[in-house]
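Down below is the structure, laid out as structure tokens.
In this note's numbering, the protein residues as written are 108 to 313.
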């Protein structure tokens, strides 16, 4: 059972792959293709305030020529709690090589009026990358118009040094998933390492 942002309980039923196929159920969405962007040549833009009230945008000097991981998240999302400590460790591992991480948090109205839960989330997972307050979940399409089919939490966008989206992944496999988590970690690190190897020269898209 999972609770929605407004606290309403929702019950889900899961089937093993073989059982799902036997029942004629549709295959789950591919985490690598479910969410995309309208134009991969376009700089991925964000412009929001962080939990302290400071404005942060993709045009800030700290992101120029950097590889940026943009994470769409929310404190109400269980898998976002799983992903946050991983992103913190990913940032610490690759920061000196040119990686930046930006979280775009979407919360319900009551949480936006009092950011104490967001601040507790940041503290709990030792988040030292930019953590921005982006709006309510229902506003995600309006706030991030470049994204297509952005209806999952979390969703992670990998931006090259020129500011364009080079890969997108939806959801997050927690440590409890075992080999699935290990595979995901290896994949995320491979994407980041590949982007970091690209030259900084000409990275003026932001």
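Beta carbons are placed, not taken as given, at the ideal position from N, Cα and C, and that holds for glycine.
Please read these numbers as outputs of a predicted model, since none were measured by experiment.
Simplified DSSP state of residue i, which is helix, strand or coil
i	result
residue 130	coil
residue 242	strand
residue 100	For residue 100 there is no data in the structure shown, the boundaries of the chain being 108 and 313.
residue 140	coil
residue 157	strand
residue 234	coil
residue 227	helix
residue 193	helix
residue 283	helix
residue 216	helix
residue 307	coil
Residue closest to residue i, alpha-carbon to alpha-carbon, out of the options
i	options	result
residue 213	189, 147 and 184	184
residue 202	290, 165 and 236	236
residue 241	284, 210 and 269	210
residue 233	189, 287, 282 and 249	189
residue 200	219, 251, 299 and 278	299
residue 197	276, 296 and 291	296
residue 250	151, 118 and 303	151
Residue i to residue j span [Cα, whole Å]
i	j	result
residue 231	residue 271	31 Å
residue 207	residue 274	15 Å
residue 223	residue 128	44 Å
residue 255	residue 154	18 Å
residue 263	residue 130	31 Å
residue 181	residue 260	7 Å
residue 243	residue 161	19 Å
Residue-chain proximity (residue i, chain B), Cβ-Cβ < 7 Å
i	result
residue 282	Among the chains in the structure shown there is no chain B, since it carries only a single protein chain.
_Please give the ranges of any beta strand (DSSP E) in the region 244-272, keeping only runs that are unbroken, at least 3 residues long and fully inside the region._
Those beta strand (DSSP E) runs which fall completely within the region 244-272 and span 3+ residues are 262-266.
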